[in-house]
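S.K.: Here the protein sequences come in this chain order: H and Y. Counting along the first sequence from 1, when you hit position 79 you're at 78 in numbering that gives the first Met the number 0, and nothing is skipped either side. Counting along the second sequence from 1, when you hit position 8 you're at 7 in numbering that gives the first Met the number 0, and nothing is skipped either side. C-beta: ideal position from N, C-alpha, C; glycine also.
Protein chains: 2
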Amino acid sequence: MINVTLVGTGAVSNHLLDVFSNTNGVAVLQIASRGDQLSQALERMRSRDEEVDIYIIAVSDDAIATVSEHFVKSNALLVHTSGSVAMHALPKEVRRGVFYPLQTFSKGRKVDFQTIPLCIEAEHKNDLELLRTLARAISQSVYELSSKQRKSLHLAAVFVNNFTNHIYQIGNDICLENGVPFDALKPLITETAHKINTLSPIDAQTGPAKRNDDSTIDSHLSQLKSKTHKEVYRMLTKSIKETYESKQ
Amino acid sequence: MINVTLVGTGAVSNHLLDVFSNTNGVAVLQIASRGDQLSQALERMRSRDEEVDIYIIAVSDDAIATVSEHFVKSNALLVHTSGSVAMHALPKEVRRGVFYPLQTFSKGRKVDFQTIPLCIEAEHKNDLELLRTLARAISQSVYELSSKQRKSLHLAAVFVNNFTNHIYQIGNDICLENGVPFDALKPLITETAHKINTLSPIDAQTGPAKRNDDSTIDSHLSQLKSKTHKEVYRMLTKSIKETYESKQ
Numbered sequence: 000m001i002n003v004t005l006v007g008t009g010a011v012s013n014h015l016l017d018v019f020s021n022t023n024g025v026a027v028l029q030i031a032s033r034g035d036q037l038s039q040a041l042e043r044m045r046s047r048d049e050e051v052d053i054y055i056i057a058v059s060d061d062a063i064a065t066v067s068e069h070f071v072k073s074n075a076l077l078v079h080t081s082g083s084v085a086m087h088a089l090p091k092e093v094r095r096g097v098f099y100p101l102q103t104f105s106k107g108r109k110v111d112f113q114t115i116p117l118c119i120e121a122e123h124k125n126d127l128e129l130l131r132t133l134a135r136a137i138s139q140s141v142y143e144l145s146s147k148q149r150k151s152l153h154l155a156a157v158f159v160n161n162f163t164n165h166i167y168q169i170g171n172d173i174c175l176e177n178g179v180p181f182d183a184l185k186p187l188i189t190e191t192a193h194k195i196n197t198l199s200p201i202d203a204q205t206g207p208a209k210r211n212d213d214s215t216i217d218s219h220l221s222q223l224k225s226k227t228h229k230e231v232y233r234m235l236t237k238s239i240k241e242t243y244e245s246k247q
Numbered sequence: 000m001i002n003v004t005l006v007g008t009g010a011v012s013n014h015l016l017d018v019f020s021n022t023n024g025v026a027v028l029q030i031a032s033r034g035d036q037l038s039q040a041l042e043r044m045r046s047r048d049e050e051v052d053i054y055i056i057a058v059s060d061d062a063i064a065t066v067s068e069h070f071v072k073s074n075a076l077l078v079h080t081s082g083s084v085a086m087h088a089l090p091k092e093v094r095r096g097v098f099y100p101l102q103t104f105s106k107g108r109k110v111d112f113q114t115i116p117l118c119i120e121a122e123h124k125n126d127l128e129l130l131r132t133l134a135r136a137i138s139q140s141v142y143e144l145s146s147k148q149r150k151s152l153h154l155a156a157v158f159v160n161n162f163t164n165h166i167y168q169i170g171n172d173i174c175l176e177n178g179v180p181f182d183a184l185k186p187l188i189t190e191t192a193h194k195i196n197t198l199s200p201i202d203a204q205t206g207p208a209k210r211n212d213d214s215t216i217d218s219h220l221s222q223l224k225s226k227t228h229k230e231v232y233r234m235l236t237k238s239i240k241e242t243y244e245s246k247q
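#1: Among the candidates Ala183(Y), Asp48(Y), Val157(Y), Asn13(Y), whose CA atom is the shortest distance from the CA of Arg210(H)?
#2: Where does Lys150(Y) land, buried or exposed, given buried means 16+ other C-beta within 10 angstroms?
#3: Measure the CB-CB distance between Gly206(H) and Asn161(Y) and report whether it falls below 8 Å.
#4: Would you mind sorting Ser140(Y) into buried or exposed? The rule is 16 or more other CB atoms within 10 Å of its CB.
#5: Comparing C-alpha positions only, which one of Ala155(H), Val66(H), Phe112(H), Gln148(H) sits nearest to Ala88(H)?
#6: Does Arg108(Y) have its Cβ less than 8 Å from a Cβ in chain H?
#7: Quick one, which of His219(Y), Ser12(Y), Leu127(Y) has its alpha-carbon nearest Arg233(Y)'s?
#8: Note the first and the last residue of the continuous alpha helix (DSSP H) segment covering Gly96(Y).
#9: With DSSP collapsed to three states, give me the class of Gln29(H).
#10: For Met86(H) and Glu120(Y), I'd like the C-alpha separation in whole angstroms.
#11: Looking at the C-beta of Lys224(H), does it have a partner C-beta in chain Y at a distance below 8 Å?
#12: Among the residues of its own chain, which have a CB less than 7 Å from the CB of Gln113(Y), if the five just before and after it don't count?
#13: What is the DSSP secondary structure of Leu16(H), counted as helix, strand or coil?
#14: Can you round the beta-carbon distance between Leu144(Y) and Ile173(H) to whole angstroms, since I take them to be within the 8 Å contact cut?
#15: At which residues does the beta strand (DSSP E) containing Val58(H) begin and terminate?
#16: Strictly by DSSP, which residues pair up with Asn196(H)?
#17: Among all the DSSP beta bridges, which residues are the ones paired with Cys118(Y)?
#18: Find the nearest neighbour of Glu68(Y) within the set Gln222(Y), Val93(Y), Asp126(Y), judged by alpha-carbon distance.
#19: Is the region 183-193 of chain Y in contact with the region 192-204 of chain H, if contact means three or more CB pairs nearer than 8 Å?
#20: Going by Cα to Cα distance, which pick from Lys91(Y), Asp61(Y), Ser81(Y), Gly82(Y) is closest to Ser250(Y)?
#21: Run the CB neighbour count on Asp202(Y), radius 10 Å, all protein chains shown included, and call it buried at 16 or more, exposed below.
#22: For a contact defined as C-beta to C-beta under 7 Å, what are the partners of Gly170(H) on chain Y?
#23: Flag Ala192(H) as yes if its beta-carbon sits less than 8 Å from any beta-carbon of chain Y, otherwise no.
#24: Could you list which residues in chain Y have their beta carbon closer than 7 Å to that of Ile201(H), in chain order?
#25: Identify whether Asn23(H) lies in helix, strand or coil by the three-state DSSP scheme.
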């Protein structure tokens with residue numbers, strides 16, 4: 000049995016609580032939140048420290064250092080769940096590690112943890128083994144990555160999640176401006192995402208920028224009303240053109 | 000029974016042939032391709048013109064005008080399948096229309112036509128009715144749009160398909176540069192696309208640009224090696240910031 004204490008009340012913490020509660024071999028001992036009276040919460044946690052195998056600090060990036068300071072005297076493994084914060088941001092007095100689920104979580108939206116990649120890291124071999132056991136209990140996809148690797152994966156995730164979603168937003172804006180239903184684009188959005196499971200993005204690319212079709216590009220630019228949308232269109236077109244020039 | 004002649008041998012024509020062949024009430028009379036000896040193909044087509052209800056010209060945008068010229072004497076309805084070409088690009092001597100499936104087609108990749116939005120347009124009421132019947136026979140999602148509306152929908156599609164796929168490509172490049180597996184991003188890509196079925200893009204947005212988290216943004220920019228990737232990052236970050244400033 001792996002005994003886990005979850006610290007934090009955000010989406011990651013809630014989703015982990017949900018999945019651990021339904022997993023054999025894992026027990027969630029306590030859920031500590033910053034909303035608690037901190038002194039009371041710490042008192043409660045300290046009293047059971049001996050029973051805890053892993054503290055999972057699932058708080059926002061800039062709160063990790065402060066929150067984890069409260070666990071310097073613990074004998075348990077201390078991990079955070081951030082993609083972009085280094086393992087060494089945790090106090091050097093403790094056994095340190097990282098348990099980063101690479102997914103976008105929204106409250107109220109169910110996710111299947113079995114398919115979520117978990118990126119793990121630990122200072123000590125035994126701790127890495129412990130994290131591997133915990134990760135494999137809930138997911139089929141476990142990666143052992145250094146802090147540097149995880150940071151670059153997180154940056155790539157900003158592109159494919161944050162920036163992609165913003166591209167959807169621009170598509171939505173264009174539809175609104177022209178009185179056409181954004182819903183008509185949803186099957187295309189789904190297919191574009193699914194396609195890369197069988198085709199690499201470089202092979203899946205289509206469109207005027209890849210074809211060097213400047214008359215269509217000019218026509219698109221003249222249709223766009225927003226200055227920023229024009230700039231985004233120009234920049235991505237330039238980037239696509241460069242990609243295919245360099246690969247030819 | 001609606002009798003259709005498909006002109007063209009690209010992905011759209013192949014997919015339409017596939018779905019029409021399996022649809023009650025629709026018969027594909029002939030498949031004409033530009034690869035045929037043109038004179039022979041036209042001879043063959045003209046000899047059966049009386050039996051044809053709709054010619055579907057599924058050729059590349061810049062070939063539509065030339066190819067459709069060969070049908071000026073036909074009594075059938077003549078439609079093209081392009082998102083960005085106006086209905087009036089077809090010869091004025093014939094009954095004109097448009098039958099535009101809004102999806103990305105790749106040879107060898109099966110698509111479920113029932114979920115593909117079909118955008119239809121026709122000069123005459125009866126022809127619009129005919130296209131509606133044909134469209135509803137293969138899809139649950141049929142939109143009647145003007146050439147102008149269709150053109151703007153096609154532009155929005157360039158964003159959510161071409162540009163999104165290129166963003167995936169940049170994510171792939173970052174992974175390659177840093178020795179991390181792009182596969183780890185695929186569940187995130189899928190979830191990002193699925194999320195907008197229940198959440199609008201404006202509500203689904205997360206990340207440092209939305210939070211105005213400039214220290215994370217600076218750290219990301221310093222990690223990016225390619226000048227163009229940096230420019231794309233800056234431009235999309237600017238666009239996200241502007242979006243949330245204007246909505247506040």
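M.R.: Let me lay it out:
#1: Val157(Y)
#2: buried
#3: yes
#4: buried
#5: The shortest CA-to-CA distance from Ala88(H) to any of Ala155(H), Val66(H), Phe112(H), Gln148(H) is the one to Val66(H).
#6: yes
#7: His219(Y)
#8: No alpha helix (DSSP H) holds Gly96(Y); the beta strand (DSSP E) holding it covers 94-100.
#9: strand
#10: 59 Å
#11: no
#12: Ser138, Gln139
#13: Note: Leu16(H) maps to helix in three-state DSSP.
#14: Separation of the CB atoms of Leu144(Y) and Ile173(H) is rounded to 14 Å, and the pair is thereby denied contact status at 8 Å.
#15: For Val58(H), no beta strand (DSSP E) encloses it, and the DSSP letter there is neither H nor E.
#16: Bridge partners of Asn196(H): none, in fact.
#17: Tyr99(Y), Tyr142(Y)
#18: Val93(Y)
#19: yes
#20: What is shown of chain Y runs 0 to 247, which leaves residue 250(Y) out entirely.
#21: exposed
#22: Ala155, Phe158, Val159
#23: yes
#24: Gln168
#25: coil
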